[in-house]
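In this note's numbering, the protein residues as written are 4 to 580.
For each residue, glycine too, the CB sits at the ideal point set by N, CA and C.
Each remark here refers to the structure printed beneath this line.
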């Protein structure tokens, strides 16, 4: 499949049963609008949990040009759970290191993943059309996903109040064969920054548009630059502006040139303008071809509310950021993972409809964090006053020799998952812990093994509630073990996973439990775990509670809270300044 030209791939329009005259009305569980990375990730996640999904897309192609290219470790962990992470990493260009230059001298460099013992790199670079192509192929393997190409949503009405038996959304869909109507209990709008669904509902995004323009040039060439992120401030080949360089697969390099607000966005895309800029960077004798060129103006904005009754917004339809920091697509994929498990449990009747309100609150909080970081990056990269420019250049000059100044340099604070400290789904801590694995944090990986086979922690988590117990089953008293095992038989099961430093216990072939050897002790270290420590992990691999001893009653109560069954009224999470 790797020989497929995903940029030129087209999909055939087919009529559906609902378009037939006198077709029986049907209400689908979920309709996803948009077959981009966020829509496809949402559909796959839902389908893997047994939900039937219709995906509507107004086009019949994948994206053109590189577009989103930087996919962070957390996103790769999610793609692993969706069944296509390995393909992404095999094709993508791995990188952990970034370098910052002022004019022609390196200011400093940084390593985003300096420690060993992680399955995935800090980032890969992979053109968006590959990501969409791999997600589409994974979706095609799942029988409960139907993708309808050239199906454009042109009308939307909602019926019933959220949570009621008659709650639904009816969409009017335009096709080459004319219009038809289709109904779903819930609609996920993943239809991009210009979101037609958002317009149909009559809401808009609010925020700030930056008065600057950047040129993206995808350049195909053979070069010996390392697989690193290089960012120049005021380089001699593009004075008074900024330039960003990334390596992509297939000998394609992504170069972003700052142009300034007065640049003509049409004229700057002409080859006679682009080629000299690239030659100034690479040298006059460099051999290259232009693959794709675009000029963009960026904004930092979001909708006030990501939920509107039975319609939930995800990805660029809900929020937008500048490209510095790779926070757009990565944040959107994390929207999808947050939403899918909640929708699946609500549809199955295992959680109240109000659980979906926590999707909106949690991801609005994450969007605010991304917007804040992205805005600060953009203000540093593109100072809007002489005083700001003097400050920036002074910081960059000091950063060459002084570590304190490097903390002030901002060439794009790169994407990390938001820690949902104040989520109403978290259970308050009663024991003392150190480290980063607090309730609301996304789980980190660690190497494990069983029966001599090397593996990783994260594949043991996700898609269900998990009680992550540090110790062997034999370390628990019989009553505690029996009570813990009983939770796995509930309507919303909690599955115990044991991690132990005891190699013999992990290799006990007679043990019916999932017991894994903590081969390097990194799992216990990263989770600040002593023998008997237990974590309750949400289906989206986020911590929602932790204790120093196993108490099945406390675990069951924390699961009820994480399902929204006992949580108080949902209030917006407050972003730190």
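Using only the alpha-carbon positions, how far apart do residue i and residue j sit?
i	j	result
residue 225	residue 166	57 Å
residue 122	residue 270	44 Å
residue 47	residue 192	15 Å
residue 284	residue 38	36 Å
residue 423	residue 340	14 Å
residue 457	residue 449	11 Å
residue 399	residue 103	9 Å
residue 580	residue 85	Low confidence applies to residue 580: its pLDDT is 38, below 50, so where it sits in the model is not reliable enough to give any reading.
residue 260	residue 174	41 Å
residue 357	residue 567	7 Å
residue 322	residue 359	18 Å
residue 563	residue 463	21 Å
residue 574	residue 364	Confidence at residue 574 is low in this model, with a pLDDT of 48, below 50, so the placement of that residue should be treated as unreliable; the coordinate-derived value is given next. Looking at the two C-alpha atoms, the distance is approximately 7 Å.
residue 481	residue 27	55 Å
residue 414	residue 133	26 Å
residue 194	residue 98	30 Å
residue 317	residue 334	9 Å
residue 160	residue 406	56 Å
residue 525	residue 12	44 Å
residue 352	residue 82	27 Å
residue 402	residue 390	18 Å
residue 572	residue 172	Legend: pLDDT at residue 572 = 47, less than 50; position of this residue unreliable, value from coordinates given subsequently. Taking the straight line from one Cα to the other gives about 25 Å.
residue 493	residue 542	15 Å
From which residue to which residue does the beta strand (DSSP E) around residue i run?
i	result
residue 202	Here residue 202 belongs to no beta strand (DSSP E); instead the alpha helix (DSSP H) covers 199 to 204.
residue 34	30 to 36
residue 212	208 to 212
residue 171	171 to 178
Just verifying my parser: in three-state terms, what is the DSSP assignment at residue i?
i	result
residue 235	strand
residue 139	helix
residue 91	helix
residue 382	helix
residue 586	Outside the shown range of the chain, which is 4 to 580, sits residue 586, and nothing can be said about it.
residue 253	coil
residue 300	coil
residue 2	The first residue shown for the chain is 4 and the last is 580, placing residue 2 beyond what the model contains.
residue 244	coil
residue 17	coil
residue 419	coil
residue 218	strand
residue 9	coil
residue 319	helix
residue 368	helix
residue 499	strand
residue 328	coil
residue 23	coil
residue 483	helix
Does the Cβ-Cβ distance between residue i and residue j come in under 8 Å?
i	j	result
residue 63	residue 153	yes
residue 507	residue 499	no
residue 16	residue 179	yes
residue 10	residue 67	yes
residue 91	residue 129	yes
residue 501	residue 520	no
residue 459	residue 451	yes
residue 200	residue 336	no
residue 74	residue 445	no
residue 527	residue 428	no
residue 455	residue 305	no
residue 187	residue 30	yes
residue 223	residue 294	yes
residue 325	residue 381	yes
residue 473	residue 535	yes
residue 100	residue 412	no
residue 50	residue 127	no
residue 177	residue 202	no
Classify residue i: buried if its beta carbon has 16 or more other beta carbons within 10 angstroms, exposed otherwise.
i	result
residue 162	exposed
residue 114	exposed
residue 76	buried
residue 228	exposed
residue 372	buried
residue 345	buried
residue 550	buried
residue 404	exposed
How is the alpha helix (DSSP H) around residue i delimited, first residue to last?
i	result
residue 337	331 to 350
residue 59	That residue, residue 59, is in no alpha helix (DSSP H); its beta strand (DSSP E) goes 56 to 59.
residue 556	555 to 565
residue 83	76 to 85
residue 491	It is not in any alpha helix (DSSP H) - residue 491 carries neither H nor E in the DSSP assignment.
Could you tell me if the beta carbon of residue i falls within a distance shorter than 7 Å of some heavy atom in the ligand NAD?
i	result
residue 494	This structure does not include the ligand NAD; it has no bound ligands of any sort.
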